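Single-structure report; data block below.
Numbering (the numbering used here), first residue to last: 1379 to 1772.
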């Protein structure tokens, strides 16, 4: 088949787990199968209400019928209309789904007549492509009043809050159009965590959860570990601050090395400033990352409700035990408590206690790492592609 992977490009550009996943799938399809694969990426800015709507509209307008099959997996790429589309779900726009603030109103209550007409469409139960384009037209009328009467009665600014209840209803409506019966040939998910989340998939949908492998290759033989290690984007959901707090109870001769960049960098450095054992490495390339994994005693990974947990998979592939938390999400599917690492309560003292066990018993840490490395051999692109593509040849 001629296959296209369709994905949004972050604005500004960042290289994260999604980008590496698509590259890995693309390379595997072209190198190891009889298929021919391409990738199309469109800019997907989401800094405000209007950028999100425009991104959804751009993907909706794409005509990719000259490909035999489309693989999507992250909003709003699945908006393209194709008779043979597979959705390998990473996640929808989580800030408007499970990460939407609970104390905010779930539905738009703005009384402006144009907003009410739009909301009526969103709640009307029609999830056809015609309703989708009518939605875009009604949103456009909110943005560009055409008659003086509208100028005298402008739409309140709070209607365009992002995140906010109106954009939440719009995005969830668009996703329902994309996932209407018959629109997606097969649904998959990168983890059972994603597959099981409320509202991500249509009710009653059969979702195949299959872990993607890491794009990182050439793992080194594990060395005797001398530091704790974590890597990832430095932002609040990754909870690096929890790891820093745990260091207060970690034996004095153990260091924590933190690789990555992000908006939380300055705050985290300030939080760790009194502990000379904590080192910030900034951005590291893949070669350096392989060396850092190989030299670690253990890898700490404590995000909040992570979709998959690529760091945990990479650490295990490097032969290192992983300490994660009970609310980490997908990482819990990978780490076997007491065998390949520890899954503990998300409290500094619990993480520190797990670290101390490995510090005192280096042989245990090594055995856990070797078990983890063996388990990761079951994670492969061959398994992903067999699950997602079998039987979909035109």
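Note that beta-carbon positions come from the ideal geometry of N, C-alpha and C, so glycine has one too.
For clarity, every value in this text was computed on a predicted model and none was experimentally measured.
Residue 1658 carries a strand assignment under DSSP once its states are collapsed to helix, strand and coil.
C-alpha of residue 1624 to C-alpha of residue 1730: approximately 5 Å in a straight line. Assignment of residue 1728 by DSSP, reduced to helix, strand and coil, places it in the helix class. Using a Cβ distance threshold of 9 Å, residue 1703 and residue 1723 count as a contacting pair. Residue 1634 and residue 1599 have their alpha carbons spaced roughly 21 Å apart. A straight line joining the alpha-carbon of residue 1742 with that of residue 1736 spans about 7 Å.
The shortest C-alpha to C-alpha distance from residue 1680 to any of 1650, 1662, 1674, 1612 is the one to 1612. At least 9 Å separates the beta-carbon of residue 1591 from that of residue 1464. Here residue 1763 is not bridged, per DSSP, to any residue. The secondary-structure analysis by DSSP pairs residue 1722 across a beta bridge with 1703. Our two residues, residue 1474 and residue 1601, have alpha carbons roughly 43 Å apart in a direct line. For residue 1450, the enclosing beta strand (DSSP E) has its first and last residue at 1447 to 1452. Between the C-alpha atoms of residue 1466 and residue 1654 there is a straight-line separation of about 43 Å. Within the segment 1618 to 1647, the runs of alpha helix (DSSP H) that reach at least 4 residues and sit entirely inside it are, in chain order, 1618 to 1624.
Residue 1379 places its beta carbon less than 9 Å from that of residue 1770.
DSSP, read as helix, strand or coil, puts residue 1380 in strand. By the beta-carbon neighbour count (other beta carbons within 10 angstroms, threshold 16), residue 1626 is exposed. Shortest Cα-Cα distance from residue 1521 to any of 1493, 1509, 1547 involves 1493. In the DSSP secondary-structure assignment, residue 1565 is bridged to 1465, 1585. If you check the CB distance, residue 1660 and residue 1696 do not come in under 9 Å. Every beta strand (DSSP E) stretch that sits fully inside the segment 1414 to 1439 and reaches 3 residues is listed by chain position as 1414 to 1421. Beta bridge pairing from DSSP links residue 1676 with 1606.
In the displayed model, residue 1386 falls within a strand according to three-state DSSP. When the beta-carbon positions are compared, residue 1450 and residue 1385 come within less than 9 Å of each other. The alpha-carbon separation between residue 1469 and residue 1643 amounts to approximately 25 Å. In the structure shown, residue 1768 falls within a coil segment according to DSSP collapsed to helix, strand and coil. The segment 1508 to 1516 makes no contact with the segment 1560 to 1571: fewer than 3 CB pairs, one atom from each, lie closer than 8 Å.
Excluding its 5 nearest sequence neighbours in each direction, residue 1519 has C-beta neighbours in its own chain below 7 Å: 1492, listed in chain order. Comparing alpha-carbon positions, the option among 1477, 1567, 1446 lying closest to residue 1765 turns out to be 1567.
The beta carbon of residue 1733 sits closer than 6 Å to those of 1628, all from its chain and outside the five residues before and after it, given in chain order. The secondary-structure analysis by DSSP pairs residue 1684 across a beta bridge with 1707. Contact check for residue 1448 against residue 1423 fails: the beta carbons are separated by 9 Å or more. Cβ neighbours of residue 1692 within its own chain (closer than 6 Å, five residues either side excluded): 1592, 1594.
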